[in-house]
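A.B. asks:
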Amino acid sequence: MDGSQDLAYVYDKAGRLVQVKQASGAVLAEYTYGAANSGSNYALGKLVLAVRHNATDYGDEVVSESFTYGGRMGRLSGKQTQLALRYPRLETRTFVQSFVWNELGDLASQGYPDDQGLADPARVVSYGYDNGYLTAVGGFVTSQVYHANGMVFRRSLANGVMEEVALDSSKMARPGQMRVVGPSGQEYWNSGTFVYDGVGNVKALVRSSTDQDVYVYDLVSRLVYARFKTAGGGTKEESLSYDAFGNLLSSVTPPTDYGSRSWSVDGVNRLAGCGYDAAGRMTACGGLTLSWTAAGELGKVQGTGINRSFLYTASGEKVMVRNELLGTAAVSLRDLGGNPVRHYLYSGGSWSWLGDDIFVGRLRIAQVTSSGTRYFHVDHLGSVRRVSTGAGALEKAYDFFPYGLPVKETVGQERLWFGGYELEHQNTPDYTDDLYFLHARWYFPSMARFLSPDPVRGDPAQPQSLNLYAYVRGNPLNAVDPDGRAALWLTPSRERAMAMAASEADFVDSLAVWMLMKDMIWYALPQQSPGAGGGGGNPWQSSQGGGGGASAGTGSNQTNTSSTPENRRLTYAEVAEIVKENNQSGQADEVIIAIAWMESSFDPGAHRPNPEKETARGLMGVTKAAAQDVGANYERLFDPVENIKAGSAYLRLRTSWAKGNVEKALAGYGTGPNYAQAILRCAECLKASAGEPMTCLVQLHP
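For the sequence shown, the residue numbers in the working numbering are 22 to 723.
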């Protein structure tokens, strides 16, 4: 690894990691795998024990996690976490938790961690589903319903409060408005109507003509100005500036908040005047001193009135924080998604249960303590904006500057706060010392940057990502970083939505890439493609003498691109016309378009003839056998007209074999019933939204 700490990784004969060691030979982590199944524990080949050695000021403090696999189909059914501590006192504490799965592999319930040496309350949280979509969380969420595109529409909570997310007018998977409504219909929070710019940035939140939040960006989508209304009715502003490499250089807020602040950086994007180690991790800044573990985690934070240390699991999750000034400690146990669900406190010489957190995905929706239940209502970033009581009354309101600092009139804080991240509040009068734990890294909101470089590094195609310290590329209104390794855009533009789909399906270079950016598909052709009679003609030239013309139908509506045979963009209208003129399936044209979209995403090289590989070819992924079945020329399937003819004819044949059962025919054409259902859903969507076809097509690759 970078810097002075060299690590050695040891693997077994199966290629599984079994040890992580320091150069000195000291073992940092150990992993053990099941050698056999035992009764109902199907542990063979699975991780059964993960041990982390935390080298602290008090010696080797060991965190061990063991796993059992007695769940449905051998899924994880139990986890035991054991802490061998030397501070705040010499002891070993053991916690056990359990998991139950339903027939579809969804988590049906989980038993919260139980301290074996403490009379803590038992808690089992159950989950309800409909076709794999979460619809209820026992005792906390009475119902959760969705928009057609899969976004949550309404969440009804057990305290009578309701959360609503209206759909954006474009029908994209991004919010149009968010509201929190109390039991009697009173409005607790209204985000306003989301107004987006052309690249998907939130540029305004409009509640009325005289009540709106405004956001301004530079040419690379970095936030440079924000003006927003607070819960108290006041208005806050922040102006921001950056250098060319994405470093925040200045922030100007009202004098009653954080005033004017500025920073300078060195040639490798580190803050001038702050200390760093050889691996680029911050070691001193703004009165704080930070030390790091051999694995690169934050080990200790010290400063005026601050002396905190941390323990981690073998997977790098924070399990314990200790306030060494007060002699207190807190333990947080996590669910399978890494969410901290149960907390314990050591104070006054003894341990006690502190509270439980209830999650939907990565969002904490409720907290249970000895004082009762509280519910958290978040914005599109996951930041807590309102808190309600177990009876549904409004308890608290929070507002944040864009990079996470709370407005100064804020009273109190939450364990998971800005962005839904885990807050490490330093118990100082000022929020500027606070940190957030983002799993792989720690975030410092007062400086809008991470304490250590991004372990994933950057993407040359996204130059702002090459700054390994910057938070979400300077765009905190539209993205979060749930695990400290990758900015996740929550308000995608049409371009970003397409880029995400392309990245996930790996079809950037496929036969037909539908360009969401311009409502086009990109049909990449080889320099010499088989033409009429097997010759080397250009299949995009006008059809003459029976050649493979790629005209959009017949007559004068022809497309000749002989000047640029290697690349051609088809508009959606052209594709639809080709399908209309050449569809021989007897099925709706929308079905053929959906098949073309799905099939052309599977093989990135399908558009290039390969003499060594007889692949499915063309827009509809027609195989050689399928071409023979319908009498089509396999060598001409790179011509979209010939491909649509052959593919649609083959679908007609499969429909005949299926005795008219369209879904069964589609399942046979593709990869099974899920494929068929996706095609039919997309086709219905295309019929209903002809003006925005790409909204439907992208959903085939969510």
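Yeah, the Cβ is synthetic: ideal placement off N, Cα and C, and Gly gets one too.
#1: Leaving out the 5 sequence neighbours to the left and right, which residues in its chain are closer than 8 Å to Thr113 when beta-carbon positions are compared?
#2: What residue range is occupied by the uninterrupted alpha helix (DSSP H) comprising Gln698?
#3: So Leu125 packs on Gly153, CB below 8 Å; how close in whole Å?
#4: With DSSP as the reference, label Glu338 as helix, strand or coil.
#5: Quick one: using the 10 Å Cβ neighbour count with 16 as the cut-off for buried, is Glu86 buried or exposed?
#6: Pairing CB atoms from the stretch 490-503 with CB atoms from the stretch 259-270, are three or more of them under 8 Å?
#7: Would you list the residues sitting across from Glu208 in a DSSP beta bridge?
#8: Between Thr644 and Asp660, what straight-line distance do the alpha-carbon atoms span, to the nearest angstrom?
#9: Under three-state DSSP, which class holds Trp284?
#10: Thinking C-beta only, is Gly337 closer than 7 Å to Pro742?
#11: If you run the structure through DSSP and keep just helix, strand and coil, what is Asp400?
#12: What residue range does the beta strand (DSSP E) around Thr102 cover?
#13: Should Cys706 go down as buried or exposed, given a rule of 16 or more other Cβ atoms within 10 Å for buried?
#14: Return the chain-ordered list of same chain residues with a C-beta closer than 6 Å to the C-beta of Leu489, the five sequence neighbours on each side being excluded.
#15: Counting only runs that start and end within the stretch 365-402, where is the beta strand (DSSP E) found for 3 or more residues in a row?
#16: How is Leu18 classed by DSSP in three states: helix, strand or coil?
#17: At the level of alpha carbons, what is the spacing between Leu357 and Gly95?
#18: Using a beta-carbon distance below 7 Å, is Glu259 in contact with chain E?
#19: One question on the structure: do Ala44 and Asp33 come within less than 7 Å of each other, judged by their Cβ atoms?
#20: Beta carbon of Phe397: closer than 6 Å to some heavy atom of the ligand FAD?
#21: So what's Trp678 in DSSP terms, helix, strand or just coil?
#22: Whose C-beta lies closer than 6 Å to the C-beta of Met196 among residues of the same chain, with five residues either side of it excluded?
#23: What first and last residue would you give for the beta strand (DSSP E) that runs through Glu82?
#24: Round the Cβ separation of Val428 and Asp420 to the nearest angstrom and send it over; I've been treating them as touching at under 8 Å.
#25: Alpha carbons only, please: which of Ala252, Leu244 and Gly294 is nearest the one belonging to Glu259?
#26: What is the DSSP secondary structure of Thr453, counted as helix, strand or coil?
#27: Could you tell me whether the Cβ atoms of Ile616 and Gln447 are closer together than 7 Å?
#28: Quick check: the Cα distance between Ser205 and Tyr464, rounded to an integer number of angstroms?
#29: Taking three-plus beta-carbon pairs below 8 Å as touching, is the stretch 306-317 in contact with the stretch 41-56?
#30: Taking C-alpha atoms, which residue in Gly60, Gly36, Tyr63 and Tyr30 lies nearest to Ala47?
#31: What first and last residue would you give for the beta strand (DSSP E) that runs through Val162?
#32: Measuring straight from C-alpha to C-alpha, what distance separates Asp234 and Arg176?
#33: Please list, in chain order, all residues of the same chain as Ala709 whose beta carbon is under 8 Å from its beta carbon, the five residues on each side excluded.
#34: Go ahead and label Val145 buried or exposed: buried means 16 or more other beta carbons lie within 10 angstroms of its beta carbon, across all protein chains shown.
#35: Report all residues from its chain with a CB closer than 6 Å to the CB of Gln323; omit the five preceding and five following residues, and keep chain order.
#36: If Val362 sits next to Leu375, beta carbons under 8 Å apart, how far is it from one beta carbon to the other, in whole angstroms?
C.D. replies: Per the coordinate set shown:
#1: Against the sequence shown, residue 113 aligns to sequence position 92. Gln103, Leu104, Ala105 and Leu106.
#2: The count along the sequence shown starts at 1 and reaches residue 698 at position 677. Under the DSSP assignment, Gln698 falls in the alpha helix (DSSP H) whose first and last residues are Pro694 to Ala709.
#3: Counting from one through the sequence shown, the residue named residue 125 turns up at place 104. Counting from one through the sequence shown, the residue named residue 153 turns up at place 132. Taking 8 Å as the upper bound for CB-CB distance, Leu125 and Gly153 are in contact here, some 6 Å apart.
#4: On the sequence shown, position 317 is the one that residue 338 refers to. The answer is coil: DSSP assigns Glu338 none of H, G, I, E or B.
#5: Walking along the sequence shown from the start, residue 86 turns up at place 65. So Glu86 counts as buried.
#6: Here the stretch 490-503 lies against the stretch 259-270, with 3 or more beta-carbon pairs under 8 Å apart.
#7: Taking the first residue of the sequence shown as 1, we reach residue 208 at position 187. Val202, per the DSSP bridge assignment.
#8: Here residue 644 refers to the residue found at position 623 of the sequence shown. Here residue 660 refers to the residue found at position 639 of the sequence shown. Roughly 14 Å between the two C-alpha positions.
#9: Within the sequence shown, residue 284 is the residue found at index 263, counting from 1. DSSP, read as helix, strand or coil, puts Trp284 in coil.
#10: Given a span of 22 to 723 for the chain in the structure shown, any question on residue 742 remains unanswerable.
#11: Taking the first residue of the sequence shown as position 1, residue 400 is located at position 379. Coil at Asp400, not helix or strand.
#12: On the sequence shown, residue 102 is found 81 positions in, with the first residue counted as 1. Per DSSP, the continuous beta strand (DSSP E) segment holding Thr102 begins and ends at Gly99 to Leu106.
#13: Walking along the sequence shown from the start, residue 706 turns up at place 685. Flag for Cys706 reads buried.
#14: Here residue 489 refers to the residue found at position 468 when the sequence shown is read from its first residue. Taken in chain order, the residues that qualify are Pro474 and Asp475.
#15: 371-381, 384-390 and 393-399, all fully within the stretch 365-402.
#16: The requested residue 18 is not part of the displayed model; the chain covers only 22 to 723.
#17: Sequence index remark: in the sequence shown, residue 357 carries index 336 (1-based). Sequence index remark: in the sequence shown, residue 95 carries index 74 (1-based). Rounded to the nearest angstrom, the two C-alpha atoms are 16 Å apart.
#18: No chain E appears in the structure shown, which is made up of a single protein chain.
#19: For the purposes of this step, residue 44 is taken as the residue at position 23 of the sequence shown. For the purposes of this step, residue 33 is taken as the residue at position 12 of the sequence shown. No, the pair does not count as a contact, with Cβ atoms beyond the cut-off.
#20: Absence of the ligand FAD is noted for the structure shown, with no ligands found whatsoever.
#21: Taking the first residue of the sequence shown as 1, we reach residue 678 at position 657. For Trp678, the secondary structure class from DSSP, reduced to helix, strand or coil, is helix.
#22: Stepping through the sequence shown from its first residue, residue 196 is reached at position 175. Checking the sequence shown, residue 196 turns out to be Pro, not Met. Taking Pro196 as the centre and dropping the five residues before and after it, the same chain places the C-beta of Val186, Phe215 and His401 closer than 6 Å to its C-beta, in chain order.
#23: Within the sequence shown, numbered from 1, the residue matching residue 82 stands at position 61. Unbroken beta strand (DSSP E) run through Glu82: Gly80 to Thr89.
#24: Within the sequence shown, the letter at position 407 stands for residue 428. Within the sequence shown, the letter at position 399 stands for residue 420. About 5 Å; that satisfies the 8 Å criterion.
#25: One-based indexing of the sequence shown puts residue 259 at position 238. For Glu259, the nearest C-alpha among the options comes from Leu244.
#26: For the purposes of this step, residue 453 is taken as residue 432 along the sequence shown, with counting starting at 1. Taken through DSSP and simplified to helix, strand or coil, Thr453 comes out as helix.
#27: Here residue 616 refers to the residue found at position 595 when the sequence shown is read from its first residue. Here residue 447 refers to the residue found at position 426 when the sequence shown is read from its first residue. Result no, Cβ atoms of Ile616 and Gln447 do not sit closer than 7 Å.
#28: Counted from its first residue, the sequence shown places residue 205 at position 184. Counted from its first residue, the sequence shown places residue 464 at position 443. Distance between the alpha carbons of Ser205 and Tyr464: 39 Å.
#29: Counting Cβ pairs under 8 Å, three or more are found: they touch.
#30: Along the sequence shown, one-based indexing puts residue 47 at 26. The candidate whose alpha carbon is nearest that of Ala47 is Tyr30.
#31: In the sequence shown, the residue the question calls residue 162 occupies position 141. Bounds of the beta strand (DSSP E) holding Val162 are Val162 to Tyr167.
#32: On the sequence shown, position 213 is the one that residue 234 refers to. On the sequence shown, position 155 is the one that residue 176 refers to. Straight-line Cα distance between these residues: approximately 25 Å.
#33: On the sequence shown, position 688 is the one that residue 709 refers to. Excluding positions up to five away in sequence, the list is empty.
#34: Mapped onto the sequence shown, residue 145 falls at position 124. Classification for Val145: exposed.
#35: Locating residue 323 in the sequence shown gives position 302, where the first residue counts as 1. Counting only Cβ-Cβ distances below 6 Å, and skipping sequence neighbours, we find Thr310.
#36: Counted from its first residue, the sequence shown places residue 362 at position 341. Counted from its first residue, the sequence shown places residue 375 at position 354. Contact flag wrong, Cβ pair sits at about 12 Å.
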